[in-house]
Amino acid sequence: LHYPLRRQRQMCIRDSIFETPTWLLKKDVFDKTTKSPVQVVENLQNGVLSRILSPMVLQKMYVSQSVEPNAYQLFEYMDDLKNGIFVGSNPDIYRRNLQRNYINDMVALLAPKPSAPAVTGRGMSLSVSENSDVQAVVRGTLRDLQAELQQKAASSDQMNRYHYDDLSYRIQKALDPKI
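Every letter in the sequence shown is one number past the one before it in the working numbering, and letter 169, counting from 1, is 402.
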């Protein structure tokens, strides 16, 4: 897809999936089920998050920018996604869970991959090549986010300060496994 259309779709995802669906959070509905509102929202958000941060999607974006001059650049995509997930400075429980899961998915992209990656029928790798820029963009996005989290922690209430400190620690641990 061309850059404007991809960016528009991502903004739609941010506004419709990553915003807490307050219309869904009806106590009388959850009283009749075995799931909590936190579980339901987290499952919905994680389904989308794992798809848009999948190695296959990121690798396809990386490859497409080499042949399509108007492609949505991987670093812009990752920056837009980060900014959409970390919008505001006072996240509620649902947003905090989303932010934690985002960090976990990003960290997983840095983990070593099997030596023989699976491929699709078109010859496209389902994993991120160690020689692509994907890991560099992920690592750079995490470093940028860590700096932002440290600033947010300084001006947050106690719960969010703990949250931002925890996220910063998770990033530091992923970037420097010796910790």
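Heads up, the beta-carbon is just placed ideally off N, CA and C, and yes, glycines get one too.
Query, Result
"Looking at the structure shown, is residue 344 part of a helix, part of a strand, or coil, going by DSSP?", "coil"
"Is it a yes or a no for the region 327-347 touching the region 294-302, going by three-plus beta-carbon pairs under 8 Å?", "no"
"Considering just the uninterrupted stretch of the alpha helix (DSSP H) at residue 315, what are its terminal residues?", "307-318"
"Buried or exposed: residue 349, going by 16 or more other Cβ atoms within 10 Å of its Cβ?", "Only weak support exists for where residue 349 lies, its pLDDT of 48 falling under 50; the value from the coordinates is given anyway. Classification of residue 349: exposed, given that the 10 Å Cβ count is below 16."
"Buried or exposed: where does residue 410 fall if 16 or more other Cβ atoms within 10 Å of its Cβ makes it buried?", "exposed"
"Quick one: what's got a C-beta closer than 6 Å to residue 258's C-beta in the same chain, skipping five residues either side?", "270"
"Name the residue from 293, 291 and 251 whose alpha carbon lies nearest to the alpha carbon of residue 277.", "251"
"Just list the alpha helix (DSSP H) runs in the region 266-304, keeping only unbroken ones of 4 residues or longer that don't cross its boundaries, in chain order.", "270-285 and 288-300"
"Between the Cα of residue 384 and those of 372, 264 and 323, spot the shortest distance and give me the residue it belongs to.", "323"
"Using the Cα positions of residue 400 and residue 309, report the straight-line distance between them to the nearest angstrom.", "22 Å"
"Secondary structure at residue 252, three-state DSSP: helix, strand or coil?", "coil"
"Consult DSSP for residue 390 and reduce its assignment to one of helix, strand or coil.", "coil"
"How close, in whole Å, do the beta carbons of residue 370 and residue 343 come, if the pair is a contact with beta carbons under 8 Å?", "About 11 Å; that fails the 8 Å criterion."
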